[in-house]
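**Student:**
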Amino acid sequence: MNTSGPNPPGKPQVRPLNCPGCGAALTLRSLSQAVTVVCDHCHSILDAQDPRLTILQRFKAAVDEDPPLIPLGTRGKIRGTDYEVVGFERRTIHVEGIPYSWHEYVLFNPYKGFRYLTEYNGHWNDTSILRSLPTVNDDVSPATVTYLGETYKHFQTANAATSFVLGEFPWQVRVGESSDVSDYVSPPRVISSERTGKEVTWSMGEYISGRDIWKSFGLPGNPPERVGVYENQPFPLSADTTKIWLACVGFLVVLVLMFIAFESFAGKDRVIEDAYYVFDSSARGDASFVTDVFQLKGHTSDLQVTTQADVNNNWIYLNYALINQDTGQAYDFGREVSYYQGYDEDGSWSEGSRSDTVAIPSVPPGNYYFRIEPESDLGRGTIRYWLSAKRDVPQASFFGIALLALLLPAGLITWRSMNFEHLRWAESDYGGSASDDDNSNDTNPPISLFGKENKS
Amino acid sequence: MIKNLYILYGIIVLGTLGMAEYRGWSLDSVDELKNVPRSVRDNPGSYRSVYGYYHHYTGGK
Chain V
1 MNTSGPNPPG
11 KPQVRPLNCP
21 GCGAALTLRS
31 LSQAVTVVCD
41 HCHSILDAQD
51 PRLTILQRFK
61 AAVDEDPPLI
71 PLGTRGKIRG
81 TDYEVVGFER
91 RTIHVEGIPY
101 SWHEYVLFNP
111 YKGFRYLTEY
121 NGHWNDTSIL
131 RSLPTVNDDV
141 SPATVTYLGE
151 TYKHFQTANA
161 ATSFVLGEFP
171 WQVRVGESSD
181 VSDYVSPPRV
191 ISSERTGKEV
201 TWSMGEYISG
211 RDIWKSFGLP
221 GNPPERVGVY
231 ENQPFPLSAD
241 TTKIWLACVG
251 FLVVLVLMFI
261 AFESFAGKDR
271 VIEDAYYVFD
281 SSARGDASFV
291 TDVFQLKGHT
301 SDLQVTTQAD
311 VNNNWIYLNY
321 ALINQDTGQA
331 YDFGREVSYY
341 QGYDEDGSWS
351 EGSRSDTVAI
361 PSVPPGNYYF
371 RIEPESDLGR
381 GTIRYWLSAK
391 RDVPQASFFG
401 IALLALLLPA
411 GLITWRSMNF
421 EHLRWAESDY
431 GGSASDDDNS
441 NDTNPPISLF
451 GKENKS
Chain X
457 MIKNLYILYG
467 IIVLGTLGMA
477 EYRGWSLDSV
487 DELKNVPRSV
497 RDNPGSYRSV
507 YGYYHHYTGG
517 K
């Protein structure tokens, strides 16, 4: 065995060996740091620390049973450091009799040692062994662990068995060996504890996109599509949510200030004030008439027209035309004022209103008059009505629309974030009922664990 | 990225609001007509409103 020390990443050294089980050539990429190595021809697990490569275990598997997505020997850069893929294993849990498996890749750098990539349904994590112990708090539910000032919530615990291995491992790997694995999440990180007997190993994973891995390792094609929401998958807009709400609050403050400003400084000039008219519904002939000419000053703005009528179980309809005396431009509109009331077995009731208001948009300054043509049912007697008109009146409806428009995106992102968290926790030990209700989660892992044994 | 888009969106919303209020926009439906003859002032009956012959609700429970 080559024990001459670490080699620079740019010059990989491999050690040619032969499997004692089948005689096939073996390659040791992680040098003396491999504890076990697996023959990919006869699936013998060999003791890499023994010069005779003693066979520790043989397991049955088809040669191409579970080919790794990243082939052994592939080199790539993780967090600025070159690593080579030296080992691959599949681990499986059973939930209600259904097996669920994920993949773990062993990466090696002669200076940095080992780290790991895990993959389930297109979700990847970059994982390494913790150098110090986190603090566990079992007194709360869900339990938490604290590490470097960050708190992680317990997500799930399950018994995971190794079901397939390939390549080299820095521990005594065995197919069929199982351990209890607990995951604690604080997206995008997860801390896992892996208990085998009395030994507990802690590791930390950080969510990483498959696209980044493909780029780092120069892999052809595209990574597998992500399915479902993973336990430590960060909400894509999590960093923006708080900032968007802060911006939203800022906009709402501006909105309130604008409302105050427009209410305070709008002209609200009364150009007609309670002009009184009487309509005799019994009279025949043309009822139309025109008002006196009035002047609209200032910039182009709205004209708010209010009609009040003393109708009672009656209606009056007014064909209005606001006509510019100088240009002949007219704004034609009709308004109905109707009011009905009575008593029945439910008590008193009423419908309609004796008042109506309309805002004529964007009326340029000039000299105007109204042409008014009242209508009602014949023989209803006289109906009195009053006309008022105010120039440059702020429209509260626009402020309401702006309020909704500003809140909508922020609310939508928050709703999506909450839905994302719901999907995440539906697959945890604490989300059984939610999972049952949501069929969309059927494709998600019932548990998505990764923990690294550190038995070397 | 999303935050910047939202800020741009918010500025557009508030800018449009300011424009709407200053220019006196309204959600009410009004028909604009041009070149109404001056004779309407002397003979109001010669004008024909587009809202004439409206079907009126007569109310009642």
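Chains V and X are the protein sequences, given in the same order. Residue 1 is where the first sequence starts when you use this note's numbering, and the numbers rise one by one after that. Residue 457 is where the second sequence starts when you use this note's numbering, and the numbers rise one by one after that. Backbone N, C-alpha and C fix where the C-beta goes; we use that ideal spot for every residue, glycine too.
Between V/Tyr230 and V/Tyr184, which are expected to be in contact by the criterion C-beta below 8 Å, what is the C-beta distance as a whole number of angstroms?
**Tutor:** The Cβ separation is near 14 Å, so there is no contact.
**Student:** So, at 6 Å on beta carbons, what are the nonlocal neighbours of V/Tyr277 in its own chain, with the 5 sequence-adjacent residues on each side left out?
**Tutor:** Here the set comprises Tyr385.
**Student:** State yes or no: is the beta carbon of X/Ser505 nearer than 8 Å to at least one beta carbon in chain V?
**Tutor:** Yes - at least one Cβ of chain V is within 8 Å of the one on X/Ser505.
**Student:** Below 8 Å on the Cβ atoms is my guess for V/Trp171 versus V/Val37; work out the distance and round it to an integer in Å.
**Tutor:** So it is not a contact: roughly 12 Å between Cβ atoms.
**Student:** So, is V/Phe279 buried or exposed, given that buried needs 16 or more other C-beta atoms within 10 angstroms?
**Tutor:** Classification for V/Phe279: buried.
**Student:** Please check if any C-beta of chain V sits within less than 8 Å of the C-beta of X/Gly471.
**Tutor:** It does not: the Cβ of X/Gly471 has no partner Cβ on chain V nearer than 8 Å.
**Student:** Determine the chain V residues that contact X/Ser482 at a beta-carbon separation under 7 Å, and present them in chain order.
**Tutor:** The contacting residues are Asp302, Ala359, Ile360, Pro361 and Gln395.
**Student:** Put V/Asn319 into one of helix, strand or coil per three-state DSSP.
**Tutor:** Three-state DSSP puts V/Asn319 in a strand.
**Student:** Quick one, which of V/Gly352, V/Val253, V/Asn109 and V/Gly379 has its alpha-carbon nearest V/Ala283's?
**Tutor:** Checking every option, the nearest Cα to that of V/Ala283 belongs to V/Gly379.
**Student:** Taking 8 Å as the CB-CB cut-off, is X/Ser495 touching chain V?
**Tutor:** By this cut-off, X/Ser495 is not an interface position.
**Student:** In whole angstroms, what separates the C-alpha of V/Ala330 from that of V/Leu322?
**Tutor:** So the two alpha carbons sit approximately 5 Å from each other.
**Student:** Pick helix, strand or coil for V/Arg354, following the three-state DSSP scheme.
**Tutor:** Coil at V/Arg354, not helix or strand.
**Student:** Cβ of X/Leu489 less than 8 Å from any chain V Cβ?
**Tutor:** It does: the Cβ of X/Leu489 has a partner Cβ on chain V nearer than 8 Å.
**Student:** Output yes if chain X places a C-beta closer than 8 Å to the C-beta of V/Tyr230; else output no.
**Tutor:** Not closer than 8 Å to any Cβ of chain X, the Cβ of V/Tyr230 fails to qualify, so no.
**Student:** Counting only beta-carbon atoms, is V/Phe59 nearer than 8 Å to chain X?
**Tutor:** Chain X contact via Cβ: absent.
**Student:** Quick one: is V/His154 buried, meaning 16 or more other Cβ sit within 10 Å of its Cβ, or exposed?
**Tutor:** Buried, because 16 or more other Cβ atoms sit within 10 Å of the Cβ of V/His154.
**Student:** Can you tell which of V/Thr81, V/Arg75, V/Asp377 and V/Thr127 has its C-alpha closest to the C-alpha of V/Thr201?
**Tutor:** If we check each option's Cα against that of V/Thr201, V/Thr127 comes out closest.
**Student:** Pull up the CB-CB distance for V/Ile93 and V/Tyr83, whole angstroms please, since I reckon it's below 8 Å.
**Tutor:** The pair is not a contact, with the Cβ atoms about 27 Å apart (cut-off 8 Å).
**Student:** Let me know the secondary structure DSSP gives V/Lys198 once reduced to three states.
**Tutor:** Coil at V/Lys198, not helix or strand.
**Student:** Please give the ranges of any beta strand (DSSP E) in the segment 93-124 of chain V, keeping only runs that are unbroken, at least 3 residues long and fully inside the region.
**Tutor:** Segments of the beta strand (DSSP E) lying fully in the segment 93-124 of chain V: 98-109 and 113-120.
**Student:** To the nearest angstrom, how far is the alpha carbon of V/Trp124 from that of V/Pro409?
**Tutor:** Their Cα atoms are separated by approximately 30 Å.
**Student:** Using 8 Å for Cβ pairs, my map puts V/Gly290 next to X/Pro493. What's the rounded Cβ distance?
**Tutor:** Reading off the sequence shown, one finds Val at residue 290 of chain V, where the question assumed Gly. In fact, because the Cβ distance is near 13 Å, the residues do not count as touching under 8 Å.
**Student:** Which residues in the same chain have their Cβ closer than 7 Å to the Cβ of V/Asp40, if we skip the five residues on either side of it in sequence?
**Tutor:** Here the set comprises Leu166.
**Student:** Express the C-alpha separation of V/Pro361 and X/Tyr478 in angstroms, rounding to a whole number.
**Tutor:** Using only the alpha carbons, I get a separation of about 11 Å.
**Student:** When you compare the CB of V/Phe235 with every CB in chain X, is at least one pair closer than 8 Å?
**Tutor:** By this cut-off, V/Phe235 is not an interface position.
**Student:** Between which residues of its own chain and V/Gly352 is the CB-CB distance below 7 Å, once the five residues before and five after are set aside?
**Tutor:** Closer than 7 Å at Cβ, skipping near neighbours: Ser338, Tyr339 and Tyr340.
**Student:** Between the Cα of V/Val311 and those of V/Ser350, V/Cys248, V/Phe164 and V/Ala143, spot the shortest distance and give me the residue it belongs to.
**Tutor:** Taking only the C-alpha atoms, the option nearest V/Val311 is V/Ser350.
**Student:** Only counting the same chain, and skipping five residues up and downstream in sequence, which positions put a Cβ closer than 6 Å to that of V/Val293?
**Tutor:** Hits under 6 Å: Gln325, Asn367 and Tyr369.
**Student:** In angstroms with no decimal places, state the Cα-to-Cα distance between V/Arg91 and X/Leu461.
**Tutor:** When rounded, the distance between both Cα atoms is 43 Å.
**Student:** Please look up how many angstroms separate the CB atoms of V/Pro188 and V/Glu206, rounded, as I've assumed it's under 8 Å.
**Tutor:** Correct: roughly 6 Å between the Cβ atoms.
**Student:** Roughly how far, in whole angstroms, is the beta-carbon of V/Lys297 from the beta-carbon of V/Pro365, given that I think they are within contact range, below 8 Å?
**Tutor:** 6 Å between Cβ atoms; contact.
**Student:** Does any residue of chain X bring its CB to less than 8 Å from the CB of V/Asp392?
**Tutor:** Chain X contact via Cβ: present.
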